[in-house]
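Letter 18 of the sequence shown, counting from 1, is numbered 18 in our numbering, and no numbers are missing.
Glycine included, each C-beta is placed from N, C-alpha and C at the ideal position.
It should be emphasised that the depicted structure is a prediction, and the values quoted were computed from it without experimental measurement.
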Amino acid sequence: MEIARIAVIGAGWWACEFHIPHVLENPNAELVCVSSLGKEELEKIRESFGIPHITENHREVYSWNPDGVIVA
């Protein structure tokens, strides 16, 4: 089975408590990018979850070629 490349737009409480952890726990998914406003908060999320790419511009998530996008 192919690994689904997933991006998340919006990294509030719900995304950090549910969406991001569930994508990371899924062996058939790879979290490629998270987009949200607030560079400091994004850096904390990157450190907490080990996310490879973060951006404040939601349009940039498509540059990492996700197969799916969660809008949280």
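It is roughly 10 Å from the alpha-carbon of residue 22 to the alpha-carbon of residue 31.
Judged by their CB atoms, residue 69 and residue 54 are not nearer to each other than the 8 Å cut-off. Taken in chain order, the complete alpha helix (DSSP H) segments of 4 or more residues contained in the segment 24–72 are 39–49. Separation of residue 59 and residue 25 (C-alpha to C-alpha, rounded to the nearest whole angstrom) is 25 Å.
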